[in-house]
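**Q** Numbering (the numbering used here), first residue to last: 204 to 376.
Glycine residues also receive a C-beta, built at the ideal position from the N, C-alpha and C atoms.
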């Protein structure tokens, strides 16, 4: 005859295994739902970039990112890693104080960031014809883009990546 005390450890072990399985499932579901997509984070080589001159807000560069064919990834809602030269004072600083929504890129979907090369109200600065750019966190794989015109650079700033170009205007304040 089996004792009811002998069966108890087996039931406890089964309950513990079930609890671990439920916790793992809940964690995986929450992680997947928190990003809203199964896309991975973009790296610089996943994207093509275009830079244009805009006149709003005193003038700035609008940077457009698009995923290469067959790539689905997301850009974190932080500003791009960019600089006009190799000196620290030519690196862009954030124009926004908070993180924006991630932008999932695939097919024709684009992400936009605005770069204001000069935020000072004087005639000083350094002139550049190219910008060095990478996705934040992938600085080892930066690329260089020709600017549409020569930029006078002094304390440059960039907005976060946005799904709407109207949200990428780097207002100076």
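Within the same chain, show all residues whose beta-carbon is closer than 7 Å to that of residue 368, passing over the 5 residues directly before and after it, in chain order.
**A** So the qualifying residues of the chain are 265, 315.
**Q** Leaving out the 5 sequence neighbours to the left and right, which residues in its chain are closer than 6 Å to residue 268 when beta-carbon positions are compared?
**A** Counting only Cβ-Cβ distances below 6 Å, and skipping sequence neighbours, we find 250, 252, 314.
**Q** Residue 242 and residue 275: beta carbons closer than 7 Å?
**A** Yes, the Cβ-Cβ distance between residue 242 and residue 275 is below 7 Å.
**Q** Ignore the nearest five residues each way along the sequence and tell me which others in residue 328's own chain have a CB closer than 7 Å to its CB.
**A** For residue 328, where only same-chain residues beyond five positions count, the Cβ hits under 7 Å are 321, 355, 356, 357.
**Q** Assign residue 318 to one of two classes, buried (16 or more other C-beta atoms within 10 Å of its C-beta) or exposed (fewer than that).
**A** Per the 10 Å Cβ criterion, buried.
**Q** What does the alpha-carbon distance come out to for the pair residue 350 and residue 255?
**A** Between residue 350 and residue 255, the C-alpha separation is close to 8 Å.
**Q** Nearest by alpha-carbon distance to residue 280: which of 286, 300, 291 is it?
**A** Among 286, 300, 291, the Cα nearest to that of residue 280 belongs to 300.
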